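A.B. asks:
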Amino acid sequence: MQLMPELPEVETTVRLLRPMVLGRGMGELRVAWARILGGQSIAEFQKHIRGTRVLSIDRRAKYILLRLGRQGLPAGVIVVHLRMTGRLYVDPPGADPESHVQVEIELDNGHHLRFLDVRKFGRFQFAHDESEILPALGPEPLSDDFQPHWLMRSLQRHRRQIKPLLLDQSFLAGLGNIYVDEALHRAGIHPQANSARLDAERVRALHGAIRRILTVAIRREGSSFDRFYRTPEGKPGGYQAQFQVYGREGQPCRRCGGTVRRTVVGQRGTHWCRGCQHR
DNA sequence: ATCCTATCCTGGCTGC
DNA sequence: TGCAGCCAGGATAGGA
């Protein structure tokens, strides 16, 4: 079983990295797997970042944005996507790099910003402006833009299976397979329910479930099952202990006692409870 | 508009 | 025990 970093894992990464990178100067770049850079050459990337400082680090959807400046003026941004097995962290001087470190940048305090990615699906890209890289993204589920009436209208505008729709980052930004399964279970919605047919009560429940689950998961510093997701401090997250359905195929539902099932919906492994979730 | 498939990758798992 | 083959899984592109 894998863990793909979703909004809570990316948010945790950003929060823990912030004090380690803010204001730091960017030095020598080393790249093991050039395709991680998304087509840009190592030399170009190095030229762009050399002598810049980190002005800010933020999250948008599942992207990490490291904004850079030179003499206080904006000088581009590094856009990182962890995809499934990526980790971004800072090592102190002398720390032995782990295997699968694909990109590292020496910082002006001798530490290294390291991007580790076993499967190499992640991206670590430079752009003059993040708009060159970020695709169209829906609202942030923890922002004020995400309201029940917005969700109701938007669900009705589409007529899609609810799970693939919630995974669509241009619809709503930041959810992935795990938190969608958990949110649908909490809201009592079948993963294949038609988005346009959910009544107002279900939609309110879904809105509340998404907010609640993401908020608690961030508080727990995300979820980890295996060696993949770790916070930048190297610790596993703690939210996996709260999973109601994800990864619990064949085990009893914690709410109704029925058996948690696993099926495939929209080409994704999907965990749900027939007793709790209806179309 | 929506859905489906292939692609990118590697480690872990299954089955023999 | 060893090994070949299968599979997951986010995002995207291209075809139906």
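Going left to right, the first sequence walks through residues 53 to 331 as the numbering used here numbers them. Glycine included, every Cβ here is placed at the ideal spot set by N, Cα and C. Bear in mind that the values here come from a model prediction, so they are computed numbers and not experimental data.
Locate the alpha helix (DSSP H) running through Q98, then write down its first and last residues.
C.D. replies: I94 to I101
A.B. asks: To the nearest angstrom, how far is the alpha carbon of V317 from that of E96?
C.D. replies: 42 Å
A.B. asks: Alpha carbon to alpha carbon, how far is M53 from G124?
C.D. replies: Because M53 carries a pLDDT of 48, less than 50, the predicted location of this residue cannot be relied on, and the following value inherits that uncertainty. Looking at the two C-alpha atoms, the distance is approximately 44 Å.
A.B. asks: Who are the Cβ neighbours of E61 in its own chain at under 6 Å, not counting the five residues just before and after it?
C.D. replies: G274 and Y281
A.B. asks: Assign W202 to one of three DSSP states: helix, strand, or coil.
C.D. replies: helix
A.B. asks: What residues in its chain sit with their C-beta under 7 Å from that of E234, if we drop five residues either side in the sequence?
C.D. replies: I265, F295, Q296, V297 and Y298
A.B. asks: Locate the beta strand (DSSP E) running through E158, then write down its first and last residues.
C.D. replies: Run containing E158: V153 to L159, per the beta strand (DSSP E) assignment.
A.B. asks: Identify the residues that DSSP records as bridge partners of V316: which are they?
C.D. replies: G321
A.B. asks: Can you give me the start and stop residues for the beta strand (DSSP E) that R139 sits inside?
C.D. replies: G138 to D143 is the extent of the beta strand (DSSP E) around R139.
A.B. asks: State the Cα-Cα distance for the pair G260 and A239, rounded to the nearest angstrom.
C.D. replies: 8 Å
A.B. asks: Since Y140 and P284 are thought to touch, with beta carbons under 8 Å apart, how far apart are those beta carbons, to the nearest angstrom?
C.D. replies: Inspection of the sequence shows that residue 140 is occupied by Leu rather than by Tyr. Between P284 and L140 the Cβ distance is about 7 Å, and since that is below 8 Å, they are a contact.
A.B. asks: Here's a check: name, in chain order, each residue in its chain whose Cβ is nearer than 6 Å to the Cβ of T137, leaving out the five neighbours to either side.
C.D. replies: D169, V170, R171 and F280
A.B. asks: Should E58 be labelled buried (16 or more other beta-carbon atoms within 10 Å of its own) or exposed?
C.D. replies: buried
A.B. asks: Along the beta strand (DSSP E) that carries G128, what are the first and last residues, could you check?
C.D. replies: L125 to H133
A.B. asks: For the 8 Å Cβ check, are there 3 or more pairs between the stretch 243-252 and the stretch 199-208?
C.D. replies: yes
A.B. asks: I'd like the list of long-range same chain contacts for R76, defined as Cβ closer than 7 Å, with 5 residues on each side in sequence excluded.
C.D. replies: Non-local C-beta neighbours of R76 in its own chain, meaning closer than 7 Å and more than five positions away in sequence, comprise R105, V106, L159, D160 and N161, ordered along the chain.
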